[in-house]
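Okay, so here's the structure we're looking at.
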Amino acid sequence: MNHAGDLVNHAGDPVNHEAPHAPRAARDRLRALRGRSARRDRVRRRALAAGALTLLGALGWTVVSGALAEPADAEGKPLIVPAHAVGEQRTAFGYGDPNAPHVLTVRFDPRDPRSATLERELGSTVRELADKGAYRIEYHGTTLQDGKDGGRGSARALNALGAAAEQGPKDFAALFAALAARPAASGTDGAFAEPQRLMEIADEAGVRTPAFDRAVTENTYAPWVAKATGQHNSSGTSDVLLDGRRLHDDHTDARTLSAVEFRGLTEGLLPVARR
């Protein structure tokens, strides 16, 4: 017997007031759950995309309309390799006798103050031993500072070094030393993004020619710089290795090897260094 006021269906069974709403409530809960899940997925995808873009930026690449593209300076230009480029893919600046028994690898970024200090401390000694035939040098340029701080100073300086290398290893070395004597301030492009300033530094170093000016103004070696840094950026910068063995491994501060320390480390490996 039903209490007064209760509704019954035709079969005499009580009507459940909540039944018609239960499926809708379940659907609402499911919709809310899916909405939260979708939002989490979107956040996760954005985080992954941001991380990928950060990595690509550190490698000196840009993304245009969702597609990987070469750095802007290299766009639409032919790949021209500077003379005296060395390495398996010819992505390093070469110095010294190519038949020397050992290889000294110098990793550098023109905008990195540590690289500038390393060159000022060691550059003349490193090249002096190369001139004696102790080893050949492979200079691996990077653009990590461009990726970290923004700007194009490292890439533009590497293009200028390519123009100097085209004229000969001695011209490359002279400009390399001159750039290190004027390191860009951390977090800024400094003067290295300005073609006119690069030409003035080359003039002071005694390597400026009409061909050099043209290559700097037109960014002739930008595609080569993009290829080289795409290969070398992942290995770091401000480092020196002899036959693959790191000689300078302090990446926590600006300390660099002195010329005396360098000679001490290489003396046992390179008899010619004692001459």
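Residue numbers for the sequence shown follow this note's numbering, beginning at 1328 and rising by one. We treat Cβ as the ideally placed atom computed from N, Cα and C, and that holds for glycine. Everything numeric in this text was worked out from a predicted model, so none of it was measured.
For a cut-off of 8 Å, the C-beta gap from Leu1485 to Gly1468 is around 5 Å, short enough to register as a contact. Shown here, Gly1421 sits in a strand according to DSSP, grouped into three states. Rounded to whole angstroms, Ala1508 and Phe1589 show a C-alpha spacing of 20 Å.
Following the DSSP letters along the chain, one finds Leu1525 inside the alpha helix (DSSP H) bounded by residues 1522-1532. The criterion of a C-beta distance shorter than 9 Å is satisfied by Gly1478 and Ala1520. The beta carbon of Gly1563 is closer than 8 Å to those of Arg1434, Thr1469, Leu1471, His1578 in its chain, skipping five residues each way along the sequence. In the DSSP annotation of this structure, Val1408 is not part of any beta strand (DSSP E), being labelled neither H nor E. According to the DSSP assignment, Phe1435 belongs to the beta strand (DSSP E) that extends over 1430-1435. According to the DSSP assignment, Glu1465 belongs to the beta strand (DSSP E) that extends over 1463-1468. Selection Arg1573, Asp1566, Val1587, Thr1593 evaluated against Ser1442 yields Asp1566 as nearest (Cα-Cα).
Under the 10 Å beta carbon count, Ser1481 is surrounded by 16 or more other beta carbons and is classified as buried.
Look at Ala1518 here: in three-state DSSP terms it is coil, with no helix or strand label. Under DSSP, Ala1555 takes part in no beta bridge, so it has no partner.
Here DSSP, grouped into helix, strand and coil, assigns Leu1584 to coil. At the C-beta level, Pro1496 and Tyr1422 come within 9 Å of one another. Excluding residues up to 5 positions away in sequence, Arg1417, Trp1551 lie with their Cβ nearer than 7 Å to the Cβ of Val1408 in the same chain.
Per DSSP, reduced to three states, the secondary structure at Asp1473 is helical. DSSP places Asp1566 within a strand segment (E or B) once states are collapsed to three.
Here Tyr1466 really is in contact with Phe1420; their C-beta atoms are around 4 Å apart, less than 8 Å.
Membership of Glu1455 in the alpha helix (DSSP H) is indicated by the continuous run 1440-1458.
Here Leu1449 is buried. Its C-beta has 16 or more other C-beta atoms within 10 Å.
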